[in-house]
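For reference, the structure discussed in these notes is given below.
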């Protein structure tokens with residue numbers, strides 16, 4: 273007679289619990305496609321996409337808000353004065369990335385505090 277391992281049973285139960293709703297949603301999509309209807313909304317939206325949607329309004333501020341631009345120009349002016357050749361090279365790379373918008377992937381400037 274085999275003895276059931278409680279951990280394995282719980283683990284399999286949890287996997288089944290997680291997969292059932294996703295399988296049901298996949299079946300709903302199949303039915304909608306067969307009937308030629310619109311697909312139902314995704315009940316499992318990506319958390320990353322939700323966060324990016326919330327941050328989208330602040331990303332634009334980094335490039336067009338005069339307050340942020342002034343801070344950036346002031347910082348650029350201070351750091352380029354006393355920078356050596358190696359630091360100036362990195363500053364040039366930083367400014368190039370910033371102009372392209374790649375830094376928006378690395379830094380998040382929060383909403384300005386009220387004054």
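In my numbering, the protein residues as written are 273 to 387. Each residue gets a CB set at the ideal place from its N, CA and C atoms; glycine is no exception. Bear in mind that the values here come from a model prediction, so they are computed numbers and not experimental data.
Check                                                                                                                                                     : Outcome
Whole angstroms are fine: how far does the CA of residue 334 sit from the CA of residue 326?                                                              : 15 Å
Just to confirm the assignment, what range does the alpha helix (DSSP H) spanning residue 321 have?                                                       : 319-336
Report the rounded CA-to-CA distance for residue 297 versus residue 316, giving the unit in angstroms.                                                    : 9 Å
Since residue 311 and residue 301 are thought to touch, with beta carbons under 8 Å apart, how far apart are those beta carbons, to the nearest angstrom? : 5 Å
Within a Cβ cutoff of 7 Å, which residues of the same chain sit near residue 292, ignoring the five residues on either side of it in sequence?            : none
Return helix, strand or coil for residue 340, following the three-state DSSP convention.                                                                  : helix
To the nearest angstrom, how far is the alpha carbon of residue 309 from that of residue 299?                                                             : 14 Å
Helix, strand or coil: which one does DSSP assign to residue 310?                                                                                         : coil
In three-state DSSP terms, what is residue 315?                                                                                                           : coil
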